[in-house]
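Participant: Following our numbering from start to finish, the sequence shown increments by one per residue and tops out at 200. Quick one: the structure is below, and I'll ask about it shortly.
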Amino acid sequence: MPCHNFGHAITVTRHSEIIIEQCRRENVSLDEKIVYYALIFHDAGYQEDHLAKGFESKEAYSADLSEHALRDYGADKQIINKVKIAILSTHIDARCYSNEDKVVRASDLSSLAAEYDVFKLNSIRLKDEHELMHGENVNRKDRTQGVKDTLELFLREDLNLTSDYYDEN
32 MPCHNFGHAI TVTRHSEIII EQCRRENVSL DEKIVYYALI FHDAGYQEDH LAKGFESKEA
92 YSADLSEHAL RDYGADKQII NKVKIAILST HIDARCYSNE DKVVRASDLS SLAAEYDVFK
152 LNSIRLKDEH ELMHGENVNR KDRTQGVKDT LELFLREDLN LTSDYYDEN
């Protein structure tokens with residue numbers, strides 16, 4: 032996959048380290064293990080047809096895959112449940128209920144909130160991925176509007192995690 036691949040999971044995990052450090056400096060409580068597990072698994076199985084597998088969203092399928100892997104790893108049931116909820120927080124319509132959810136969502140969006148060159152590259156990768164998965168070409172006008180609409184949906188929730196989120200700029 033051009034965008035939703037293991038490299039993306041590593042990139043967002045690295046970005047989460049910046050957010051986690053900000054949380055430490057401001058004494059924002061969170062369980063880093065939940066964040067890391069959720070980010071590693073948040074797009075697992077993305078290339079699969081989640082509907083054909085009986086899941087309402089790609090995020091729900093990823094959460095299920097994480098449960099099986101973490102259970103096999105010997106993780107505690109409470110940790111598994113929190114990881115699944117954090118993964119579900121990456122859905123476009125999701126709300127965040129814990130600090131872990133907020134870090135996971137913010138980290139996942141980091142490639143769209145990046146400097147312009149990174150943002151542009153990632154939006155092109157998303158277009159390519161859409162075309163690959165749906166077998167249809169996306170023209171520039173539709174892609175531009177799609178990116179705008181997607182960003183507005185993802186950014187409608189104010190995460191209010193650290194003081195950085197209150198900066199007007």
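C-beta: ideal position from N, C-alpha, C; glycine also.
By the DSSP assignment, the alpha helix (DSSP H) with K89 in it spans what residues?
Facilitator: Here the alpha helix (DSSP H) through K89 covers 89-104.
Participant: Thinking C-beta only, is H46 closer than 9 Å to Y78?
Facilitator: The amino acid at residue 78 is misidentified as Tyr; the sequence shows Gln. No, these two residues do not count as a Cβ contact at 9 Å.
Participant: Thinking H161 and V169 are a contact (beta carbons under 8 Å), I'd like their distance in whole angstroms, please.
Facilitator: Confirmed, about 6 Å.
Participant: Just to confirm the assignment: which complete alpha helix (DSSP H) runs, minimum length 4, are found wholly within the stretch 104-181?
Facilitator: Listed in chain order, they are 108-119, 130-139, 147-165.
Participant: If we count the other Cβ atoms within 10 Å of its Cβ and call it buried at 16 or more, is T42 buried or exposed?
Facilitator: Flag for T42 reads buried.
Participant: Can you name the start and end residues of the alpha helix (DSSP H) that F37 belongs to?
Facilitator: It spans 37-56 - the alpha helix (DSSP H) in which F37 sits, taken as one unbroken run.
Participant: Give the range of the alpha helix (DSSP H) segment to which Y196 is assigned.
Facilitator: Run containing Y196: none; DSSP gives neither H nor E here.
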